[in-house]
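Residue numbering for the sequence shown follows our numbering, starting at 223 and increasing by one per position.
Yeah, the Cβ is synthetic: ideal placement off N, Cα and C, and Gly gets one too.
This structure is a prediction, so every number in the text was calculated from the model and none was measured.
Working notes, structure below.
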Amino acid sequence: MATPTMHDWLNQHGDYLYRFALARLRDPHQAEDVVQETFLAAIKSPNFAEQSAPRTWLTGILKHKIIDVMRKSVREVAASDLMSDEDANMDEFFDEKGHWAEPPLAWDMPEGVLEQKQFLGVLQTCMEKLPAKAAQIFLLRDVQETDNDEICKELNISATNAWVMLYRARMGLRKCIEINWLSN
Numbered sequence: 223m224a225t226p227t228m229h230d231w232l233n234q235h236g237d238y239l240y241r242f243a244l245a246r247l248r249d250p251h252q253a254e255d256v257v258q259e260t261f262l263a264a265i266k267s268p269n270f271a272e273q274s275a276p277r278t279w280l281t282g283i284l285k286h287k288i289i290d291v292m293r294k295s296v297r298e299v300a301a302s303d304l305m306s307d308e309d310a311n312m313d314e315f316f317d318e319k320g321h322w323a324e325p326p327l328a329w330d331m332p333e334g335v336l337e338q339k340q341f342l343g344v345l346q347t348c349m350e351k352l353p354a355k356a357a358q359i360f361l362l363r364d365v366q367e368t369d370n371d372e373i374c375k376e377l378n379i380s381a382t383n384a385w386v387m388l389y390r391a392r393m394g395l396r397k398c399i400e401i402n403w404l405s406n
């Protein structure tokens, strides 16, 4: 059996890697760049010893490239850009004792495929309204279930900063989804 070439890997795994990167970075240009960097790193690396599937190996490289992009963007963003003035006041959700002023609405799971697609569309729109760093923290913690210590290490931020950004992302998503999905 002939050894697969990089061209074969590109044809077999390129679309998958692009979708993987796009889901995490939410920027088509950055996703394309990290996929290209992944293939370049794979070409330069003699480490693939067929101990894992090529897709697994390439995805591992891609994850590191995505983390590098996230780290760089966290370092370059101004603190004032982390959240808009509108997002700054979360006190409206809580009373003076820190309890919910109004409990969150019950979320029924969408039953039909159409409803599910509509919900996912609303969720994507709400994610796009979040500040980029808050959305990254939310994806890493709540979607990918990455440990908070690992997130802090990967993004070079403090645990307190990570929790604050995650809290703000969750509250922003809650508010947006209630307005755009639950109130309809």
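- With a beta-carbon spacing of about 5 Å, V256 and A243 fall inside the 8 Å limit used to define contacts.
- Annotation: the continuous alpha helix (DSSP H) that includes Q252 extends over P250 to K266.
- Judged by beta-carbon spacing, A391 lies beyond the 7 Å limit of F341, meaning their Cβ atoms are not closer than that value.
- Under the 10 Å beta carbon count, W279 is surrounded by 16 or more other beta carbons and is classified as buried.
- In the DSSP annotation of this structure, the continuous segment of the alpha helix (DSSP H) that includes I373 starts and ends at N370 to L377.
- Bridge partners of F316 according to DSSP: W322.
- Taking C-beta atoms under 8 Å as the contact rule, S295 and A354 qualify, at a distance of about 7 Å.
- L239 sits close to L284, with the two beta carbons spaced by under 7 Å.
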